[in-house]
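In the order they appear, the protein sequences are chains A and B.
Counted the way this note's numbering counts, the first sequence spans residues 1 to 450.
Counted the way this note's numbering counts, the second sequence spans residues 451 to 900.
Here is the structure we will look at.
There are 2 protein chains.
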Amino acid sequence: MSSNNIDYFFNAKNIAVIGASRNPKKFGHIIFRNLMEKAYPVNPNAQEILGKKCYQSVKDIKGPVNLAVIAVPAPAVADSVRECREKGVKAALIITAGFAEIGHREEEEKIKQAAGDMRLIGPNVIGIYDSYSGIDTVFNLRHRQQRPRPGKIAFLSQSGAFGAAIMDHAAYEHIGLSKFVSLGNMADVNEIDMLEYLAEDKSTNVITMYVEGSKNYRNLYYCLKRVTKSKPVIVVKAGKAKETKKAVASHTASLAGEAGIFSGMLKQSGALEADADEMFNIAKAFSQPLPHGNRVQIVTDGGGFGILAADALINNEMRLSRLSSRTTKEIKKYVPSYASVSNPLDLTGDATTMRYKDVMPFVFSDKEVDAVLVILLMQISSLDTKIVDVIASMKRFKKPLVVCMTGGEYTNIHRRMLEEKDIPTYSSPEGAAKALKALFEYEKIKRRTT
Amino acid sequence: MSSNNIDYFFNAKNIAVIGASRNPKKFGHIIFRNLMEKAYPVNPNAQEILGKKCYQSVKDIKGPVNLAVIAVPAPAVADSVRECREKGVKAALIITAGFAEIGHREEEEKIKQAAGDMRLIGPNVIGIYDSYSGIDTVFNLRHRQQRPRPGKIAFLSQSGAFGAAIMDHAAYEHIGLSKFVSLGNMADVNEIDMLEYLAEDKSTNVITMYVEGSKNYRNLYYCLKRVTKSKPVIVVKAGKAKETKKAVASHTASLAGEAGIFSGMLKQSGALEADADEMFNIAKAFSQPLPHGNRVQIVTDGGGFGILAADALINNEMRLSRLSSRTTKEIKKYVPSYASVSNPLDLTGDATTMRYKDVMPFVFSDKEVDAVLVILLMQISSLDTKIVDVIASMKRFKKPLVVCMTGGEYTNIHRRMLEEKDIPTYSSPEGAAKALKALFEYEKIKRRTT
């Protein structure tokens, strides 16, 4: 099997949807509609679907077919796979469930036999979403599951439902993704293949993954060790407790392994472990340059949030920077006498956009500062929308910057504007601190010689 | 000073806004507009404001004035306070900053002298929001800071900006509040007075507070010990790290105390400590009955999320219940053969609303189950909006229930519908598990004899 052929899953020009349906509630219909322009419908019981000529078999299609998406009932999957191979299809994605995950290992083996050297993703997957090529086999309706904007974060998931929910959440939070892949039972393509593919993928800068278990922990370890040298990998591990390992076996037919050992393996390999709700929050921080140390300066318009952020940084093994006396002196020219020019640097509740603009260059230029955590409480009326450009212009200092903004509608509008400019934002000080910690950790990992 | 008079802050019928302004950008204007119906504007430089006759001094107002909101410049505050006392005002809320928090302790002392037995909140506050009486002295514009719907959670904050941001966030998340109070410098009314007031407040079932420090830790301890016997108190402590105590002193003139000692004191007193982003998530769980044990059953339509929830429960010292064989047998009648009837109970990715409806009564009736964590992934098209009523109808079993829903717009619409029916929802399994843990912890606290 050629590892290069994995690219057909994401960049196929001609796709057959086997099991395409006229019934708008069926997966085969939704997938076909998602892929319309590039797709041939295959279904022996239909003449045409959504105005496109329908084929009895993939073999009846005249031109080349690079990718097949298979959504037929389980007993018909192996035959569909065989026909695909005979047609010369390079890659097949099997949506259908009901194989190894419910004990039907022999049926899954039959699929593998039928595939030959054709690459397979699945069975038991929701498939693939590529925000750049537009390939989208996710069968959830778009009003129920939003699709994320293009970005630099790739996301591998052994669970389809987890993948769908988290992608939906990412879209809502305006987080950009490059590629999403649900791996399911991994009859052929597994997490290791995908990690190696994504390590080379130009549209991906950060890799996130949800893992229940691996069929080859040793290979996963060496793979992570290689991949993390060039790109950060953030892992959510499910089935960590003794009590939850059994559930993993019945979910994706994986072996959960010992959680303690898994965590240790991840750490040694250079991957970063995260909770489910932290995964993308950490990943998006990697839009920033890596820090050269762990001294963080807080700039805030709310005293209480400044203190909470300082607590959170220290709780996450970061340090509070001490502004040089020169920086302090400069900043004092621009702030009222009651502002606290320290760490946190408290610009106070009447801080204007201009006050941030005046002060921040001194903070970023200070050699005592490795990274900056900016707090923007948009509830006060002295901050206006220009703050977005002011914050984004700090990129010129090439130091990591994260923004903490807590609030409702108005705040979230401004969070989205910052996210679009690749400034990572967080709704809590703890979230911002964890993101900076991850940047610092990864900088150390990259510096390691072994 | 009579503790009863605190009620005037929340239920005053006649309010003077001293420093009311015609300039729509000034705090004195926004506060007056918030309170319009009940308020007299006081400002020696205006004839009328927003069509209402303006008074030179509070003493010129003919009828009784129960509450004064003071938003004049710092040097004029003490005189305003004196006039209020002379008028017979019962309570004054001082918005103006620039007192003890910037070292002006003598000026703050003058205010206290001028107040006599009139109750004071502040100075240096954004004030009060009462969702039932409509009293709202928060000077942030409503499009920048939304106001939460009425509910049973009270919120005390030593930081105004923290209070504003978190209230805004609560409104956005559809969390209901009874009362919000920003305490500022606590020249008179402090956290202990407010805890005692809220313990008796009929519209409040749960008390949340943001604390930087106390002027009397001993009294706070005994107060919490009393209050937590009848209502849960959830505390966010800022300035926990050695490095952040100095910042607290310059923020609200409090002494941060030793964080370790503070945490220990909270635990002994029966209060629950939380991170800033967890505070309301934990508080809203108290809409549920308290559990009689820590055995939790997970019901899910996503295998991966079920496993993550199980991990999160165990990580939070809860246990996974084991359904009785009778319950298991009943449930199997209603679910497909490939569904895993265990813990997690995985209704699988094609679970319908009806499947939840059929199965959940057996789960809730099982004596082995103390609490239920339901996962609803709304991305799949077999779940419809009726699920909201199905979930809410489980209240009849009088067992605690929390719902975990991760996603975007469509999911959040359904989260809000559940929140309005007092079913607490969480965007992550970890959040749901922490909420159940808090219920279980508080049940143990209530059972304590000392």
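For every residue, glycine included, the Cβ atom is placed at its ideal position computed from N, Cα and C.
These figures come from a predicted structure and were not determined experimentally.
Spell out whether any CB of chain B is found under 9 Å from the CB atom of residue i.
i, result
"R144 of chain A", "yes"
"Q113 of chain A", "no"
"T328 of chain A", "no"
"L183 of chain A", "no"
"N315 of chain A", "yes"
"P64 of chain A", "no"
"T385 of chain A", "no"
"D277 of chain A", "yes"
"F262 of chain A", "no"
"E83 of chain A", "no"
"N34 of chain A", "no"
"F180 of chain A", "no"
From the DSSP output, in three-state form, read off residue i for me.
i, result
"L67 of chain A", "strand"
"N455 of chain B", "helix"
"T658 of chain B", "strand"
"Y579 of chain B", "strand"
"G754 of chain B", "helix"
"R898 of chain B", "coil"
"V677 of chain B", "helix"
"K537 of chain B", "helix"
"K245 of chain A", "helix"
"D761 of chain B", "helix"
"Q158 of chain A", "coil"
"I102 of chain A", "helix"
"D384 of chain A", "coil"
"S913 of chain B", "Because residue 913 of chain B is not part of the residues shown, which for chain B are 451 to 900, the question remains open."
"K717 of chain B", "helix"
Just checking: is the beta-carbon of residue i within a distance shorter than 9 Å of some beta-carbon in chain A?
i, result
"E650 of chain B", "no"
"M828 of chain B", "yes"
"Y667 of chain B", "no"
"G752 of chain B", "yes"
"D808 of chain B", "no"
"N731 of chain B", "no"
Return yes when the C-beta of residue i is under 8 Å from any heavy atom of the ligand ADP, and no when it is not.
i, result
"A310 of chain A", "In the structure shown, the ligand ADP is absent, as is every other ligand, since no ligand is present at all."
Would you call the CB atoms of residue i and residue j closer than 9 Å?
i, j, result
"K52 of chain A", "P41 of chain A", "yes"
"F459 of chain B", "V639 of chain B", "yes"
"I387 of chain A", "P344 of chain A", "no"
"M844 of chain B", "V809 of chain B", "no"
"I732 of chain B", "A615 of chain B", "no"
"E662 of chain B", "G689 of chain B", "yes"
"V72 of chain A", "A114 of chain A", "no"
"K675 of chain B", "S719 of chain B", "yes"
"M828 of chain B", "T861 of chain B", "yes"
"I603 of chain B", "V656 of chain B", "yes"
"T204 of chain A", "A271 of chain A", "no"
Hey, how far is the Cα of residue i from the Cα of residue j?
i, j, result
"G303 of chain A", "S342 of chain A", "12 Å"
"L645 of chain B", "V181 of chain A", "51 Å"
"G28 of chain A", "R594 of chain B", "45 Å"
"N516 of chain B", "D457 of chain B", "10 Å"
"G743 of chain B", "D370 of chain A", "48 Å"
"K237 of chain A", "N43 of chain A", "39 Å"
"E191 of chain A", "A76 of chain A", "26 Å"
"M867 of chain B", "D839 of chain B", "9 Å"
"K215 of chain A", "A187 of chain A", "11 Å"
"R105 of chain A", "S831 of chain B", "28 Å"
"K509 of chain B", "N484 of chain B", "22 Å"
"I126 of chain A", "C673 of chain B", "55 Å"
"E905 of chain B", "P739 of chain B", "Outside the displayed span of chain B (451 to 900) sits residue 905 of chain B, for which this structure offers no information."
"I121 of chain A", "R319 of chain A", "45 Å"
"S628 of chain B", "S737 of chain B", "13 Å"
"R897 of chain B", "A691 of chain B", "32 Å"
"G140 of chain A", "Y210 of chain A", "Reading off the sequence shown, one finds Asn at residue 140 of chain A, where the question assumed Gly. Distance between the alpha carbons of N140 of chain A and Y210 of chain A is about 19 Å."
"M451 of chain B", "V519 of chain B", "Low per-residue confidence applies at M451 of chain B: pLDDT is 39, beneath 50, and the placement is therefore not dependable, though the value from the model is reported in the following sentence. Approximately 19 Å between the Cα atoms of the pair."
* Along the region 593-624 of chain B, what residues have a CB closer than 9 Å to any CB found in chain A? -> H593, R594, Q595, Q596, S607, Q608, S609, G610, A611, F612, G613, A614, A615, I616, M617, D618, H619, A620, A621, Y622 and E623
* Listed from N- to C-terminal order along the chain, which residues in the region 380-410 of chain A have their beta-carbon within a distance smaller than 7 Å of any beta-carbon of chain B? -> Listed by position, the residues of the region 380-410 of chain A near chain B (Cβ gap below 7 Å) are I380, S381, T406, G407, G408, E409 and Y410.
* Can you give me, in chain order, the residues of the region 429-446 of chain A that have a beta carbon less than 9 Å from any beta carbon in chain B? => P429, E430 and G431
* Asked: Taking any Cβ of chain B, which residues in the region 118-147 of chain A have a Cβ under 7 Å from it, in chain order?
  -> N140, L141, H143, R144, Q145 and Q146
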